[in-house]
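Note that the protein sequences, when read in sequence, are chains A and B.
At position 387 of the first sequence the residue is numbered 387 (the numbering used here), and the sequence of numbers has no breaks.
At position 164 of the second sequence the residue is numbered 164 (the numbering used here), and the sequence of numbers has no breaks.
Worksheet for the structure shown next.
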Amino acid sequence: MTRKTIKVDLLARVEGEGALKIVVRDGKVKSAEFNIFEPPRFFEAFLRGRHFAETPDIVARICGICPIAYQMSAVHALENLLGVEVSGPLRDLRRLIYCGEWIESHVLHIYMLHAPDFLGYDGGVQMARDHGAAVTRGLQLKKVGNEILQLLGGREIHPVNVRVGGFHRAPRKRELRPLAEKLKWAREAAIETARWVSTFDFPERERDYIFVSLRPADEYPFNAGRIVSNRGLDISAADYDAHFEETHVSHSTALHSHLREDGGSYLTGPLARFNLNFDRLSPLAREVAREIGLAATCRNPYRSIMVRAIETIYACDEALRVIETYEEPDRPFAPVEPRAGVGYAATEAPRGLLYHRYGLDAQGTILDAQIVPPTSQNQACLEEDLLDFVGGFLHLPDDDLRRRCEQTVRNYDPCISCATHFLRLEMDRS
Amino acid sequence: MPASDSVMIIGVGNPERGDDRAGREVARRLKLSRFAKAQVLETEGEATTLLALMEKSAVVFLIDACVSGAPPGTIRRVDLTHSVLPEARYGVSSHGFGLAEAVSLASSLGTLPRRCVLYAIEGRNFDVGAPVSPTVSAAVDDVVSSLLEELDAHDQNRHQTCSSA
Numbered sequence: 001m002t003r004k005t006i007k008v009d010l011l012a013r014v015e016g017e018g019a020l021k022i023v024v025r026d027g028k029v030k031s032a033e034f035n036i037f038e039p040p041r042f043f044e045a046f047l048r049g050r051h052f053a054e055t056p057d058i059v060a061r062i063c064g065i066c067p068i069a070y071q072m073s074a075v076h077a078l079e080n081l082l083g084v085e086v087s088g089p090l091r092d093l094r095r096l097i098y099c100g101e102w103i104e105s106h107v108l109h110i111y112m113l114h115a116p117d118f119l120g121y122d123g124g125v126q127m128a129r130d131h132g133a134a135v136t137r138g139l140q141l142k143k144v145g146n147e148i149l150q151l152l153g154g155r156e157i158h159p160v161n162v163r164v165g166g167f168h169r170a171p172r173k174r175e176l177r178p179l180a181e182k183l184k185w186a187r188e189a190a191i192e193t194a195r196w197v198s199t200f201d202f203p204e205r206e207r208d209y210i211f212v213s214l215r216p217a218d219e220y221p222f223n224a225g226r227i228v229s230n231r232g233l234d235i236s237a238a239d240y241d242a243h244f245e246e247t248h249v250s251h252s253t254a255l256h257s258h259l260r261e262d263g264g265s266y267l268t269g270p271l272a273r274f275n276l277n278f279d280r281l282s283p284l285a286r287e288v289a290r291e292i293g294l295a296a297t298c299r300n301p302y303r304s305i306m307v308r309a310i311e312t313i314y315a316c317d318e319a320l321r322v323i324e325t326y327e328e329p330d331r332p333f334a335p336v337e338p339r340a341g342v343g344y345a346a347t348e349a350p351r352g353l354l355y356h357r358y359g360l361d362a363q364g365t366i367l368d369a370q371i372v373p374p375t376s377q378n379q380a381c382l383e384e385d386l387l388d389f390v391g392g393f394l395h396l397p398d399d400d401l402r403r404r405c406e407q408t409v410r411n412y413d414p415c416i417s418c419a420t421h422f423l424r425l426e427m428d429r430s
Numbered sequence: 001m002p003a004s005d006s007v008m009i010i011g012v013g014n015p016e017r018g019d020d021r022a023g024r025e026v027a028r029r030l031k032l033s034r035f036a037k038a039q040v041l042e043t044e045g046e047a048t049t050l051l052a053l054m055e056k057s058a059v060v061f062l063i064d065a066c067v068s069g070a071p072p073g074t075i076r077r078v079d080l081t082h083s084v085l086p087e088a089r090y091g092v093s094s095h096g097f098g099l100a101e102a103v104s105l106a107s108s109l110g111t112l113p114r115r116c117v118l119y120a121i122e123g124r125n126f127d128v129g130a131p132v133s134p135t136v137s138a139a140v141d142d143v144v145s146s147l148l149e150e151l152d153a154h155d156q157n158r159h160q161t162c163s164s165a
């Protein structure tokens, strides 16, 4: 029996600390494990006993890359519970801040983490020596996303301006104006990015995924929409727990999420959003998608870098729409009063669907919190990709095979630090 | 282009991971002393953010924890404008993409500040939630003193250059 083990003890160029182990026997991939060994983060436990108004600032700390996604899911879940509807310019500002986060996160992943896989470099630094102009474009583009976060969030990392009901402070029209000029440049740079990544050499591997994402009535999803799939799922966030379940696996501190109905894995993130909402993209984003060879359905996860570039164009386009139509609101937030109950929300983090549930008492104290990050939801699907695809790469020399496995993980842009979860411990003291 | 005399001190590190906080402690102590000779910033060390910060000043001092095998609390001063980074692991940044990469990237792209100096403090304990070790804390004080002297010298040089011009 021939046995080969591909082991990557510390996976580079992913957010957080993880590893990879693949066992091959007699030319067949026997097992694939994406190991997450970061310590549990305890955020769900931290939140218990806190006042609901503290939630946005606490959950922003879960991730340095996508704090807005955590803040948005939290405020929407709490507003769902408190019966508050945020509309008009405040709703638009929430879309704008989400655009900033998508630009920042997608561009960082495209240029510094994923592109080196396709161009044959160990990392972004090595790539910059030969592709300086492209890397400079990427860094400038990311900076525009940072500036949106800085302006609306109060600071680039762990923003502090988001609150339940809206914002602590809404920007003046004149403050947004300089961003518009930068975003016009960014939109062109995003188009160039899409054209650049479309020239990469993509392995022809596809799977028949169950795609899951939000789908709003008339816009590309950020903060709102029904949770839908390409297999007929169509539910509100309040029904999430009835259709999805998380289980613990021994090799990871992140829980694995499955569909309750058949125990199957599913895919969230750019590919799922794109496939389920192609008709909701802006005309420009759709046009560039077609130009670079992306059809309305894409099942090749290696092409997710192209989809991220299309979503970056959309985010620039949408940010410009918000800025151009913005009218200053009378007040920066809608009033909120505590009441007992349970609230639910899902939003679209750059990496995929992010679900939050909160239980409050009548004084507004958090009794219970549940946070299901996209990387946990994608983890089972990621391991299935490895099982399915690695067999097709076994002819490669070991180093190339290892790189292909790492690239397969990076297709997901997994955010390991946010995926680490509180491990429930049951003790029998009888 | 940054003003030719603008000076920035950037303390790098994750404040939740023990000795990795060293760089940020230096920044905090400088801020507490109402230090006014330079802009003092703190960051977690993600490379592109660091790169964007470094572009804003002509003279940049970076302070970070490092792991090189030296005794904890050892201080290394590296003038990055004249030499390359020694082999060491700096900080506990996410992505494995932090200070060392930011400096290399700036070097590759030709955007390294006109003068760029790194103070690296050898750490020992990078556990989540751990305090800064006493030896590292003492080294933080030493780095603060060195920086103050270095900034004085920088000021004097600048005045001399100005008056002789």
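For each residue, glycine too, the CB sits at the ideal point set by N, CA and C.
{"Check": "Could you work out which residues of chain A lie near A65 (chain B), taking near to mean beta carbons separated by less than 8 Å?", "Outcome": "Ordered by position in chain A, no residue passes the 8 Å Cβ test against A65 (chain B), which lies about 17 Å from the chain."}
{"Check": "Tell me the start and end of each unbroken alpha helix (DSSP H) in the stretch 233-305 of chain A that is at least 4 residues and wholly inside, in chain order.", "Outcome": "240-243, 270-277 and 283-291"}
{"Check": "Can you name the residues that DSSP bridges to T347 (chain A)?", "Outcome": "A:L354"}
{"Check": "Report the start-end ranges of each alpha helix (DSSP H) in the stretch 65-144 of chain A that is 4 residues or longer and not cut off at the edges.", "Outcome": "67-82, 88-108, 115-119 and 124-130"}
{"Check": "Tell me the rounded alpha-carbon separation between S34 (chain B) and T74 (chain B).", "Outcome": "A small correction: the amino acid at residue 34 (chain B) is Arg; Ser does not occupy that position in the sequence shown. Taking the straight line from one Cα to the other gives about 26 Å."}
{"Check": "Alpha carbon to alpha carbon, how far is G352 (chain A) from V40 (chain B)? Give it in angstroms, no decimals.", "Outcome": "36 Å"}
{"Check": "Rank A:E206, A:R205 and A:V228 by C-alpha distance to the C-alpha of L214 (chain A) and give the top, closest one.", "Outcome": "A:V228"}
{"Check": "Give the DSSP-derived three-state secondary structure of K28 (chain A) in the structure shown.", "Outcome": "strand"}
{"Check": "What is the DSSP secondary structure of D19 (chain B), counted as helix, strand or coil?", "Outcome": "helix"}
{"Check": "Tell me, please, whether the CB atom of A165 (chain B) is closer than 8 Å to any CB atom in chain A?", "Outcome": "Residue confidence for A165 (chain B) is low, a pLDDT of 45 falling below 50, so the modelled location carries little weight and cannot support an answer."}
{"Check": "Determine, for R129 (chain A), whether the minimum Cβ-Cβ distance to residues of chain B falls below 8 Å.", "Outcome": "yes"}
{"Check": "Thinking just about the alpha-carbon of each residue, which of A:C63, A:T268 and A:E291 is nearest to the one in H158 (chain A)?", "Outcome": "A:C63"}
{"Check": "So, is the C-beta of F422 (chain A) closer than 8 Å to a C-beta in chain B?", "Outcome": "Annotation note: pLDDT 41 at F422 (chain A) (below 50); position unreliable, coordinate value reported separately. F422 (chain A) does not count as touching chain B."}
{"Check": "Counting only Cβ-Cβ distances shorter than 8 Å, please list the residues of the stretch 114-143 of chain A near chain B, keeping chain order.", "Outcome": "G123, G124, V125, A128, R129, G132, V135, T136, L139, K142 and K143"}
{"Check": "Determine the direct distance from the alpha carbon of L99 (chain B) to that of A47 (chain B), and round the result to whole angstroms.", "Outcome": "6 Å"}
{"Check": "Express the C-alpha separation of F42 (chain A) and S430 (chain A) in angstroms, rounding to a whole number.", "Outcome": "Note that S430 (chain A) scores a pLDDT of 33, beneath 50, so its modelled location is shaky; the value from the coordinates is reported in the next line. The straight-line gap from Cα to Cα measures roughly 27 Å."}
{"Check": "Leaving out five residues before and five after D152 (chain B) in sequence, what residues of the same chain have Cβ atoms less than 6 Å from its Cβ?", "Outcome": "none"}
{"Check": "Could you name the residues of the stretch 42-70 of chain B whose beta carbon sits closer than 8 Å to any beta carbon of chain A, in the order they occur along the chain?", "Outcome": "T43, E44, E46, A47, T48, T49, L51 and A52"}
{"Check": "Taking beta-carbon pairs under 8 Å, can you tell me which members of the stretch 153-173 of chain A lie near chain B?", "Outcome": "E156 and I157"}
{"Check": "In chain order, what residues of the same chain lie with their CB nearer than 6 Å to the CB of L281 (chain A), ignoring the 5 residues before and after it?", "Outcome": "Y220 and Y314"}
{"Check": "With a 10 Å radius around its C-beta and 16 neighbouring C-beta atoms as the bar for buried, classify L396 (chain A) as buried or exposed.", "Outcome": "exposed"}
{"Check": "Within the stretch 152-237 of chain A, note down every full beta strand (DSSP E) run reaching 3 residues or more, in order along the chain.", "Outcome": "212-215 and 226-229"}
{"Check": "Using C-beta distances below 6 Å, list every residue in its chain close to K4 (chain A), excluding the 5 sequence neighbours before and after it, in chain order.", "Outcome": "V24"}
{"Check": "Just to confirm, are C316 (chain A) and I103 (chain A) a CB contact at a threshold of 8 Å?", "Outcome": "yes"}
{"Check": "Cβ closer than 9 Å: which chain A residues qualify as neighbours of E101 (chain B)?", "Outcome": "M112, G123, G124 and V125"}
{"Check": "Hey, is L108 (chain A)'s beta-carbon within less than 8 Å of any beta-carbon in chain B?", "Outcome": "yes"}
{"Check": "Report the partner residues of M8 (chain B) according to the DSSP bridge assignment.", "Outcome": "B:Q39 and B:V60"}
{"Check": "Report all residues from its chain with a CB closer than 8 Å to the CB of E16 (chain B); omit the five preceding and five following residues, and keep chain order.", "Outcome": "V128 and G129"}
{"Check": "What's the C-alpha gap between F200 (chain A) and M306 (chain A)?", "Outcome": "9 Å"}
{"Check": "Pull up the distance between the alpha-carbon of V78 (chain B) and that of I10 (chain B), whole angstroms please.", "Outcome": "15 Å"}
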